[in-house]
Amino acid sequence: MTDSEYPELKAMINRNEKIRFFASYIFKGNVRYDYLGELPTLSIDQARNKARYLARSNEDETAYEYIPF
């Protein structure tokens, strides 16, 4: 799943039904996904802030609408 307000944040439900958060960004022309944490240990707001910080500090100039998800 993608957060519509924060496109750099992705959420995935694993086979144990745990929600895991990932940050997506473009680094040196490649799409990268970094694991941020799980709910409830990491709140949605914390995940958004971490994803935004990680993406902005590492991203190339390519806009998010061009990332192939």
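Throughout the sequence shown, residue numbering follows our numbering, covering -4 to 64 in sequence. Note that beta-carbon positions come from the ideal geometry of N, C-alpha and C, so glycine has one too.
Assigned secondary structure, residue i (DSSP; H/G/I helix, E/B strand, else coil)
i, result
"leucine 4", "strand"
"threonine -3", "strand"
Residue i - partner residues in DSSP beta bridges
i, result
"aspartate 29", "Ala18"
Cα-Cα separation between residue i and residue j, rounded to whole angstroms
i, j, result
"tyrosine 48", "arginine 10", "28 Å"
"alanine 46", "serine 19", "7 Å"
"serine 38", "isoleucine 21", "24 Å"
"glycine 32", "threonine -3", "15 Å"
Residue i, enclosing alpha helix (DSSP H) - first and last residue
i, result
"lysine 45", "39 to 53"
Burial state of residue i (16 or more Cβ within 10 Å)
i, result
"glutamate 3", "buried"
"glutamate 5", "Checking the sequence shown, residue 5 turns out to be lysine, not glutamate. Answer is buried; the Cβ neighbour count reaches 16."
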